[in-house]
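In this text, residue positions in the sequence shown follow our numbering: the first is 10, and each later residue adds one.
For glycine and all other residues, C-beta sits at the position ideal for the given N, C-alpha and C.
As the structure is a prediction and not an experimental result, all values here were calculated from the model.
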Amino acid sequence: MEERVESHGVGEPSAQWREYRGAPTGTDIECKGWRQEAALRMLNNNLDPEVGEKPEDLVVYGGTGRAARSWDAYDAIMAELRELDNDETLLVQSGKPVGRFMTHERAPRVLIANSNLVGKWDDWEHFHELEAKGLIMYGQMTAGSWAYIGTQGIIQGTYETLAALADKHYDSSLEGKIVVTGGLGGMGGAQPLAVTMNHGVCIAAEVDEARIDRRIETGYCMEKTDDLDEAIRKATEAAEAGEPYSVGVHVNAADMLEGMLSRDFVPDVVTDQTSAHDELEGYYPSGYAVAEADELRDENQERYVEESLDTMERHVQAILDIQDAGAVAFEYGNNIRGQVKEHRGMENAFDYPGFVPAYIRPLFCRGKGPFRWAALSGNPDDIRRTDDAVKELFPEKEQLHRWIDLAQEQVAFQGLPSRVCWLGYDTDDEGLTERARFALRINDLVAEGEIEAPIVVTRDHLDAGSVASPNRETEAMRDDSDAVADWPILNALLNCAAGADIVSVHDGGGVGIGNALHANNHVVLDGSDLAAEKARRVFTTDPGMGVIRHADAGYDAAMEQAEKSNVPVPMRDRK
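Written out as structure tokens, the structure is:
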């Protein structure tokens with residue numbers, strides 16, 4: 010019997026998507042070149058049932074983050090990519106192909122703009138009006154830019170964040186420490202494994218039991234329970250024994266935190282990664298099972314939003330109370346503080362910090378950020394060869410080696426085999442950055458036949474110089490430039506000039522419409538001289554944007570990096 014799927018306004022799932030159920034693999038291609046083929050495969054990888062959250066609705070992650078606006082648009086994108094010549098560029102506006110122009114071989118093959126609205130109209134109300142008319146879609150970050158690789162895509166960022174937290178507060182390890190959080194969706198699902206990789210213990214609330222089950226099936230979480238007392242007991246026993254442990258608790262996150270407070274249980278760390286950026290389609294209000302909440306949303310959206318915001322207010326207050334009781338608290342990028350400050354007048358919502366100013370900004374100052382790649386062959390051995398290559402190139406990076414070893418042991422591939430690690434701007438004697446050195450080595454391995462098919466290299470939009478987000482990546486900038494959105498636009502323009510194969514610019518992302526602008530890029534390493542030329546440029550300019558953005562804001566570490574790596578900073582250099 011054919012499975013039944015719901016369309017939710019995007020039409021019936023495409024027949025070719027039903028046939029693909031993920032990215033095509035192997036060395037035969039459907040398109041006129043590997044750059045177009047990479048776009049086709051990465052689009053379908055986002056919609057692999059092993060990767061995406063609700064691929065039958067085109068939703069990749071984050072509740073509403075889509076890869077295409079509708080199934081008709083998906084079919085049109087597929088057809089355009091197959092016909093796209095090596096000197097043409099396809100334009101995609103909020104998940105719909107709208108034009109194709111002759112450009113040149115070194116230009117991007119695909120340019121994408123998602124969810125962007127003019128400032129005065131840049132809010133959820135106008136977005137939803139336009140979405141209902143079929144004029145726009147929410148691209149989240151890597152959903153609409155065709156760069157999502159499953160939960161692994163966020164796990165090393167979470168691992169790095171928790172490692173930085175451990176360095177700052179706990180003598181470089183979470184051993185014996187309990188981390189409490191909420192949300193086990195496409196982004197938050199990385200949290201339990203990232204905690205245990207840092208030798209800690211994790212208690213994670215999730216109202217959708219299917220999400221807990223998925224994290225257990227893929228090895229990201231160890232156990233589940235409906236009993237908070239059992240979760241606390243097992244977590245405490247594991248922490249006292251110094252053993253890594255994780256448990257998903259089937260409960261609303263706000264209810265769980267209040268339950269911990271009523272039991273006088275204070276964890277070592279408290280954070281949250283529910284989809285609080287979207288009070289209508291991302292966050293679940295207290296007092297409802299998932300099916301009941303979905304029914305309420307369909308019947309009375311206004312009431313749903315009000316109850317979501319009420320729950321968020323309790324959620325943030327509980328985090329603040331746990332912080333006051335002695336825990337380390339930080340917001341993990343979902344804008345829950347901004348939501349309750351704006352909609353509930355909670356003036357002390359920002360009394361606990363975001364993760365970027367607390368732990369990640371020193372890395373951004375050095376142009377270091379989440380760098381990822383996928384094997385278009387579908388062969389896991391290709392990723393293992395890239396793992397060897399990155400370790401060979403950077404023998405001095407002990408934490409990177411530890412990450413690669415842990416990822417090989419514990420991180421299951423979802424969809425196309427892939428890997429993520431954080432590499433930065435540090436240059437060698439030839440002036441090549443870490444990212445460029447890696448990309449050029451991989452391109453050589455493809456040319457030599459050691460890797461079966463091209464590797465596509467991309468990253469998260471959350472990178473050193475590609476985002477403006479006052480409640481997340483650019484929170485509390487030294488020069489108060491938190492809301493200056495020129496930087497991601499410059500990043501996208503520079504990546505086009507440098508020759509990236511796909512470039513995208515989005516509004517929203519993990520903090521919601523009107524709260525961020527961000528950009529992304531892809532480079533396809535097919536073993537050619539052209540790929541080497543592109544990689545050398547893009548992987549210099551892209552991380553270099555992080556260095557100059559933070560140098561401009563007055564960060565000493567960024568200015569030192571610019572001096573060390575010979576990055577021109579005009580106003581500084583002319584003093």
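Terminal residues of the alpha helix (DSSP H) in which residue i lies
i: E304; result: V299 to E308
i: G268; result: A262 to S271
i: T205; result: Q200 to M206
i: S255; result: It is not in any alpha helix (DSSP H) - S255 instead sits in the beta strand (DSSP E) that spans Y254 to H259.
i: V455; result: E443 to A456
i: R224; result: E218 to E226
i: V5; result: Missing from the structure shown is residue 5; the chain here goes from 10 to 584 and no further.
i: A122; result: Note, A122: premise wrong, no alpha helix (DSSP H); beta strand (DSSP E) at V119 to N123.
i: C211; result: C211 -> not in any alpha helix (DSSP H); beta strand (DSSP E) instead, spanning V210 to E215.
i: N529; result: Not the alpha helix (DSSP H): N529 falls in the beta strand (DSSP E), residues L526 to L534.
i: L415; result: E407 to Q419
i: L49; result: W43 to N55
i: Q102; result: Looking at the DSSP string, Q102 is not in any alpha helix (DSSP H); the run it does join, the beta strand (DSSP E), is E97 to Q102.
Distance between residue j and residue i (C-alpha atoms, nearest Å)
i: V465; j: R393; result: 15 Å
i: G291; j: D217; result: 12 Å
i: W155; j: S475; result: 16 Å
i: Y168; j: V279; result: 15 Å
i: L100; j: A48; result: 12 Å
i: I557; j: P404; result: 27 Å
i: I241; j: A492; result: 40 Å
i: H113; j: D94; result: 10 Å
i: V14; j: D287; result: Confidence in V14 is poor, its pLDDT being 40 and thus under 50, which makes the residue's placement unreliable; the coordinate value appears in the next sentence. When rounded, the distance between both Cα atoms is 24 Å.
i: S16; j: E65; result: Confidence in S16 is poor, its pLDDT being 40 and thus under 50, which makes the residue's placement too unreliable to answer from.
i: I221; j: D131; result: 34 Å
i: I522; j: D391; result: 38 Å
i: G20; j: A77; result: 12 Å
i: A462; j: R545; result: 20 Å
i: D264; j: K129; result: 36 Å
i: M554; j: P117; result: 19 Å
i: N388; j: G424; result: 11 Å
i: V299; j: A384; result: 36 Å
i: S79; j: G42; result: 26 Å
i: E401; j: L266; result: 44 Å
i: M10; j: G268; result: In this predicted model, M10 has a pLDDT of only 28, less than 50, meaning its place in the structure is not dependable; the value taken from the coordinates is given anyway. Using only the alpha carbons, I get a separation of about 44 Å.
Classification of residue i by the beta-carbon crowding that lies within 10 angstroms, buried from 16 upward
i: N575; result: exposed
i: F447; result: buried
i: Q408; result: exposed
i: V520; result: buried
i: P552; result: buried
i: R272; result: exposed
i: R581; result: exposed
i: D397; result: exposed
i: Y27; result: For clarity, residue 27 is Arg in the given sequence; the question names Tyr instead. It counts as exposed.
i: I328; result: buried
i: V107; result: exposed
i: E12; result: In this prediction, E12 has a pLDDT of 38, which is less than 50 and means its spatial position is unreliable; what the coordinates show is noted afterwards. Looking at its Cβ environment, which holds fewer than 16 other Cβ atoms inside 10 Å, E12 is exposed.
i: F274; result: buried
i: Q348; result: buried
Beta-carbon separation (whole angstroms), residue i vs residue j, contact threshold 8 Å
i: P379; j: D472; result: 6 Å
i: V258; j: I212; result: 6 Å
i: Q165; j: W412; result: 6 Å
i: G363; j: R468; result: Actually they are not in contact, since the Cβ atoms of G363 and R468 sit about 20 Å apart, beyond 8 Å.
i: S386; j: G35; result: 6 Å
i: A525; j: S478; result: 4 Å
i: R44; j: V455; result: Contact flag wrong, Cβ pair sits at about 13 Å.
i: G209; j: S284; result: Actually they do not touch by this definition, with Cβ atoms about 24 Å apart.
Start and end residues, beta strand (DSSP E) containing residue i
i: K543; result: Counting along the chain, K543 falls outside any beta strand (DSSP E), though it belongs to the alpha helix (DSSP H) covering D538 to D561.
i: R78; result: Per DSSP, R78 belongs to no beta strand (DSSP E) and is neither H nor E.
i: K400; result: Where K400 is concerned, there is no enclosing beta strand (DSSP E), although the alpha helix (DSSP H) it sits in stretches over P389 to L402.
i: D516; result: I511 to D516
i: I187; result: I187 to G191
i: F380; result: G378 to A384
i: Y70; result: V68 to Y70
i: M111; result: K105 to M111
i: E232; result: E232 to T234
i: W133; result: Looking at the DSSP string, W133 is not in any beta strand (DSSP E); the run it does join, the alpha helix (DSSP H), is W133 to A141.
i: H286; result: Here H286 belongs to no beta strand (DSSP E), and DSSP marks it neither H nor E.
Proximity test, residue i beta-carbon vs the ligand HEM heavy atom, cut-off 6 Å
i: R468; result: The ligand HEM is absent from the structure shown, which contains no ligand whatsoever.
Measuring CB atoms only, is the region 419-429 touching the region 155-165, in the sense that at least three cross pairs come out at less than 8 Å? yes
Is the region 516-534 touching the region 143-153 in the sense that three or more CB pairs, one from each, lie closer than 8 Å? yes
Using 8 Å as the Cβ pair cut-off and three pairs as the minimum, do the region 193-205 and the region 218-237 touch? yes
Evaluate the contact criterion for the region 435-444 versus the region 499-513: three or more CB pairs, one atom per stretch, below 8 Å. no
Touch test, the region 302-314 against the region 334-344, Cβ-Cβ under 8 Å, three pairs minimum: no
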